[in-house]
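This report concerns only the one structure given below.
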């Protein structure tokens, strides 16, 4: 049928919808199972989960499985090339790069998800409010959101961390707040298409409190986009936190953070000392790719 | 071009049917399994003939239409049989040949004219494209496109050519689509629900147009509709599809008057026909549901729902053997083993009307509106959506509310309910007590006394909640029930809307449209309301389900003495349920009177035109009165009588200068017209002459 | 249309005003004593006071803001704590950033749109998965990670491109471009997936739209349907997406500019942050915001010119 364009680009499944309306009660569970089946069959989702799983394992058991103490300096053995005793070689202070890469998963996997969670909670609340009320509340909040969006996330983070001083807690708070408007905007769009549905009018006709309408009636219906948004933002949070650490405003030395390791050694690349840079770089790359593959799989499952 | 050139007409093709389906089987792949959607469908459409295809949603009507173009969704395939289009075997053709055939031989018009046109290409270019595809040069293509737009009665084709779809109304867009479809002078024109979603007045207009052009071009039609009235008006012959199988076929009049398949019989009984009213008889319905997509049905596809089979006790034969198409003469055929007895199909619902509580006309009105106004402010314009609406609703009474879209029906409903705040000075009284204009300021008992059933239960029920939670929440917030009393009240309520309590744990998506609407009704009745607004409660439903819901509403009214404000664009339905009818135009009441009064002269000229546009399944039609153009914008309502720009009975300057008051012209019959009622009675014996006062074009008002 | 653009412009100005307030109060008021922070805990109170006086930070907050914003509007960006004029730092850096952004855009926009449309036309096939998943993966990797990996491969192992973006003084145009290729390539990796994804989604939506079906049923060849009917609708939203990336390119490239030692606005911001050079920081951030808003405004104008629904408004 490849010669027949219409067959490859046909419209929506004609007529099928009408029949779907008649399906039996067991089919909703089937739909949920189907969603899981979509995930289970998605190669990208599985690949992403495996990568993410490995890093989570490293984050939890890093200190147990690492062959060396990631913080122990050994200046005599500085900048050793990868070998059987040091798989990824050693850095300028003689620390084992392999151990530092493994243990380095911990901080980023604590800070990034917490920051994203904070941003998602705040952003969802803000998105619900702006989307539901529209009018002046929406106008004002939307202007503030726009203002945040006008400056790159890294810069806002940089400014805030300069003012507040870098620590894990401030990174979580700053990234969480910086992500709030972006998430709020996504949630707002989802709420805008919900608020005019008649179940909301029906709730108003029972004189339900606004709080109930927002959080009990509307929120469950926008949870899909919220979950997808969380995973997307998690990828960006890792991106941003790694960048801030690289710039010296994120996780502080001597923690074995990947961005920090790259920062400490990127000047040495031209001297041929590539290993203290490449392995943390690949670690960051694989982690964000893993998160994004999971996110892609989830969004496909939710879009069905 | 390969083989036989599909665009040339050989003598043998001249006599070939325009379309011939032979044992056509189509399957869709859903969740990994191929499921049959068309089961050996055969019919043919002769040259110049108009063939209608009816059936409830999910029967395969659209699939048949798209198959005739060899255009199936990606998950679809033709798994057997043949499609012959004007003498060409469509299935054997290459993609390129099919494409050539689409240029010349077959065209299609479908629902949603707005989305059928490309939003970023000028109308003229989209129409001219058809001519260019036929090999006509650019200039000539433009010229002929303009000519074609004139043929579909576009007032100013040159101007329309330069416009974009969003600048035209739905009815005008549909005319553009029709112009495009007929531009190539095709042998066959397929229309798939072309007027669904358009107002009755616009629908009438579009159907007249198609009929006129069909005569002019000699085109054959395949006309798909769920609306039997429209089929009756448009078609010579018709086929009835059920579960992908053609169960009956014949001349339209013959099928309507002498249906020989129980499904057709049932379908015809569901529609309120011949001015039947709720106090005369209940509507019949069809029990059960359409079989699932691709279900294995070794016998008759309708057997599971067939009351005749049960009455005759013929389960073995009906469920075991597929009935052949019995020829009944004159091209009439039915796939029923017992077609002679089809019309003895037992009724699902006894015709005896539901008992009614005597409504006391002199009682204090349960709901009274006076001077209700609503002004929206849009980008600096004041839009008067409602102007001085007044009516009173007696306890236990149904007031039907009709009018074109944009007439303010829904705004009125929302304003009464307090969802939209009425302008200052508006009075809405419940039981003689004024209501606050916003819901948040109304008292608990006022809130529960005034409820609504929305048009679309999919959007009216929270899809994340179980049915139990939806109804229980209403019981809690409206009357403060909890615990066991709430559960027992909930069961009672479910029972009273005939909702199976075993399904109470389900989510809305698991239920059929009719069941969902029952849940919505149960929710509206949770607080024992005095008035329920029904905003097009059945227009998203199939006719058999519509009948069941209408019966339910009427029964509930009898049991509980509730009053309805019933909004619908389907005048047959409004006539069936209403005691009185109000006609709304541009936010003003034009006429208000007893249901039967409004349907007969003397009527307001607007009502007269509205009724003349309706296609009914009886076939006997009133002379069509064409309304000029479309409903004007409420932002700039016409001076004087707001209807004067389109009025077929236009008097003269007085109509443009003075707004007539709403006057009681007969006892209980109110009208807003300068023409004296007796004169109306006389002149409405015959259709109005063309308006002499202007040579204005029908579309000027919309531009 | 004029109304639409006017409205966008007004909103942009409000946003800018809010931004100036946030930036000013965020960097000057929240952290407290500016002089103390610049000079550190061991400076004498007198020196702190003198610096505060010199910077004007001993005046009332409102008057500080007004004089800052007043100067800004007249093109006077004030003086850096190092004594240099702020415009002397920010101006050249802005130009450099613009050059890099332009190069990156010239490469990535056509590439990503073509990739996205191609993927849409082959939805679900291997080539689509490759473009979509590959693009997504590339997009999610931080730019500085790309930077070090690309330097390693192209500058050190293969040795075809310079490891820095700073062309030697007096270099010709093509040499300068050559120096910018690696950093631009990083940006291409980061932006490709993002833009391609939008182009793909828009194209799929347009392909599924009724009007595409109408065109096919008219008998238009598939190619013509895509080029005449689909693309003009599907690529419109992509304009806005491209514009929002301008903000990232001008100002967001802190890490890349650092790795490649490129004196763009990102690096200027970074240095100012490190040295707590608030006058530079404030003005640079505000300028980055202006660039972003101008870019999105231009995109809105382009969008409204190309989209008849906005160009002609709705009459119904």
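Residue numbers (our numbering), protein chains in the order written: chain C, 39 to 342; chain H, 1484 to 2186; chain B, 313 to 628. All C-beta atoms in this analysis are idealised placements derived from N, C-alpha and C, irrespective of residue type, glycine included. On a predicted model such as this, the values are computed, not experimentally measured, just so you know.
**Request:** Show which residues of chain B have a CB atom less than 8 Å away from the CB atom of residue 285/C.
**Result:** 566, 567, 570, 582
**Residues that residue 216/C contacts on chain B, provided the C-beta gap is smaller than 9 Å** = Listed along chain B is no residue with a C-beta nearer than 9 Å to that of residue 216/C; the closest approach is about 12 Å.
**Prompt:** Applying a beta-carbon distance threshold of less than 9 Å, which residues of chain H neighbour residue 523/B?
**Reply:** 1598, 1599, 1600, 1601, 1602, 1604, 1609, 1648
**Request:** Kindly list, in the order they appear in chain C, the residues whose Cβ is closer than 8 Å to that of residue 439/B.
**Result:** By Cβ distance, chain C contributes nothing, its closest Cβ being about 14 Å from residue 439/B, past 8 Å.
**Asked** How many Å lie between residue 1508/H and residue 1777/H at the Cα?
**Response** 11 Å
**Prompt:** Looking only at its own chain, which residues have a Cβ that is under 6 Å from the Cβ of residue 1722/H, when we skip the five neighbours before and after it?
**Reply:** 1526, 1536, 1729, 1732
**Prompt:** Quick one, which residues of the segment 461-488 of chain B are near chain C if we go by CB-CB under 7 Å, in chain order?
**Reply:** 461, 463, 464, 468, 475
**Prompt:** Quick one: is residue 78/C near chain H, going by C-beta distance under 8 Å?
**Reply:** no
**Asked** Excluding sequence positions up to five away, which residues of its chain have a Cβ less than 8 Å from the Cβ of residue 475/B?
**Response** 463, 467, 468, 494, 572
**Message:** Please report the distance separating the alpha-carbon of residue 551/B from that of residue 266/C.
**Reply:** Each residue's alpha carbon lies about 24 Å from the other.
**Message:** Give the list of continuous alpha helix (DSSP H) stretches no shorter than 4 residues that lie fully inside the segment 562-620 of chain B.
**Reply:** Runs of the alpha helix (DSSP H) inside the segment 562-620 of chain B: 566-571, 577-586, 590-618.
**Asked** Do residue 1602/H and residue 621/B have their C-beta atoms closer together than 8 Å?
**Response** yes
**Message:** Whole angstroms are fine: how far does the CA of residue 473/B sit from the CA of residue 412/B?
**Reply:** 16 Å
**Request:** Check the C-beta distance from residue 505/B over to residue 448/B and give it rounded, since I have them as a contact under 8 Å.
**Result:** 5 Å
**Request:** State the start and end residues of the unbroken alpha helix (DSSP H) segment that holds residue 1716/H.
**Result:** Unbroken alpha helix (DSSP H) run through residue 1716/H: 1711-1717.
**Bridge partners - residue 1724/H, DSSP secondary structure assignment** = 1729/H
**Message:** Measuring only the C-alpha atoms, how far is residue 277/C from residue 155/C?
**Reply:** 16 Å
**Request:** Using a cut-off of 9 Å between C-beta atoms, extract the partners of residue 339/C located in chain H.
**Result:** By Cβ distance, chain H contributes nothing, its closest Cβ being about 15 Å from residue 339/C, past 9 Å.
**Prompt:** Given that a residue counts as buried once 16 or more other Cβ atoms are within 10 Å of its Cβ, and exposed if not, what is residue 1767/H?
**Reply:** With 16 or more other Cβ atoms within 10 Å, it is buried.
**Cutoff 8 Å: residue 454/B Cβ touching any chain C Cβ** = yes
**Prompt:** Where do the ends of the beta strand (DSSP E) carrying residue 1881/H lie?
**Reply:** 1881-1885
**Item:** C-alpha distance - residue 65/C paired with residue 432/B, whole-angstrom precision
**Value:** For residue 65/C, the pLDDT reaches just 49, beneath the cut-off of 50, and the residue's location in the model is therefore unreliable, although a value from the coordinates is still provided. Cα to Cα, residue 65/C sits roughly 31 Å from residue 432/B.
**Asked** Going along chain C, which residues have a C-beta under 9 Å from residue 2114/H?
**Response** Correct list: empty, because the minimum Cβ distance to chain C is about 23 Å.
**Request:** Flag this pair as yes or no: are the beta carbons of residue 153/C and residue 321/C separated by less than 8 Å?
**Result:** no
**Message:** Taking only three categories from DSSP, how would you classify residue 129/C?
**Reply:** coil
**Which of helix, strand or coil DSSP assigns to residue 1528/H** = strand
**Request:** Taking only the alpha-carbon atoms, compute the straight-line gap between residue 335/B and residue 119/C and give it to the nearest angstrom.
**Result:** Approximately 46 Å, taken between the alpha carbons.
**Request:** Assign residue 418/B to one of two classes, buried (16 or more other C-beta atoms within 10 Å of its C-beta) or exposed (fewer than that).
**Result:** Answer is exposed; the Cβ neighbour count stays below 16.
**Request:** Reducing DSSP to helix, strand and coil, say where residue 1649/H ends up.
**Result:** helix
**Message:** If I follow the unbroken alpha helix (DSSP H) through residue 2017/H, where does it start and stop?
**Reply:** Premise fails: residue 2017/H lies in the beta strand (DSSP E), 2014-2018, not in any alpha helix (DSSP H).
**Message:** Using a 10 Å radius around the Cβ and a threshold of 16 neighbouring Cβ atoms, would you call residue 242/C buried or exposed?
**Reply:** buried
**Inter-stretch contact (C-beta, 8 Å, three-pair minimum) for the segment 2006-2017 of chain H and the segment 1931-1948 of chain H** = yes
**Asked** Which residues, taken in chain order from the segment 527-538 of chain B, show a beta carbon closer than 8 Å to some beta carbon of chain H?
**Response** From the segment 527-538 of chain B, only 527, 528, 529, 530, 531, 532, 533 have a Cβ closer than 8 Å to chain H.
**Asked** Looking at residue 1906/H and residue 1836/H, is the spacing between their C-beta atoms short of 8 Å?
**Response** No, the Cβ-Cβ distance between residue 1836/H and residue 1906/H is not below 8 Å.
**Request:** Have a look at 1510/H, 2158/H, 2145/H and flag the residue whose alpha-carbon is nearest the alpha-carbon of residue 2137/H.
**Result:** 2158/H
**Asked** According to a CB-to-CB cut-off of less than 8 Å, which residues of the segment 1539-1558 of chain H neighbour chain B?
**Response** 1552, 1554
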